[in-house]
Amino acid sequence: MTNDDLAKLVDTSDEWIAARTGIRRRHIAATGVTTSDLALEASLCALANSGIAASEIDMVIVATTTPDETFPSVATKVQARLGMERGAAFD
280 MTNDDLAKLV DTSDEWIAAR TGIRRRHIAA TGVTTSDLAL EASLCALANS
330 GIAASEIDMV IVATTTPDET FPSVATKVQA RLGMERGAAF D
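Under my numbering, the first residue of the sequence shown carries the number 280, and numbering increases by one thereafter.
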């Protein structure tokens, strides 16, 4: 969603937002895609790029203001979906 798209919904402008935040565009997940889905995808990309296996990871850390739900945490969901049998998960 661009600032111009946002300006159609609320009283603002691209210039106002960009001057104060530097933001020009924000990405919105497709319907049904959760924070843990996005975190898992990012984790798999990071593991592939680094050549590290999930079994070598000691901790999953997630920082978000938009969790899937209050419990279980996003980090524990990602940890489980990565197949990690050891290590910590922290939100």
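Ideal placement from N, C-alpha and C gives every residue a C-beta, glycine not left out.
Residues of its chain near residue i, where Cβ-Cβ distance is below 6 Å and the 5 sequence neighbours each way are ignored
{"i": "M338", "result": "G366 and A367"}
{"i": "S334", "result": "none"}
{"i": "T313", "result": "D347"}
{"i": "S292", "result": "A286"}
{"i": "T304", "result": "Strictly speaking, residue 304 in this sequence is Arg, with Thr absent from that position. T281, listed in sequence order."}
Selected residue, minimal CA-CA separation from residue i, among the options
{"i": "V393", "options": "T300, D316 and E294", "result": "In the structure as shown, the chain begins at 280 and stops at 370. Residue 393 is therefore absent and cannot be evaluated."}
{"i": "I340", "options": "L319, E294 and A327", "result": "L319"}
{"i": "H306", "options": "A327, D284 and E294", "result": "D284"}
Residue burial classification, residue i (beta-carbon count within 10 angstroms, cutoff 16)
{"i": "K356", "result": "buried"}
{"i": "M280", "result": "exposed"}
{"i": "S329", "result": "exposed"}
{"i": "L361", "result": "buried"}
Own chain partners of residue i with C-beta closer than 7 Å, once the 5 adjacent residues on each side are dropped
{"i": "I336", "result": "M363 and G366"}
*Which residue spans inside the stretch 294-327 form an unbroken beta strand (DSSP E) run of at least 3?*
none
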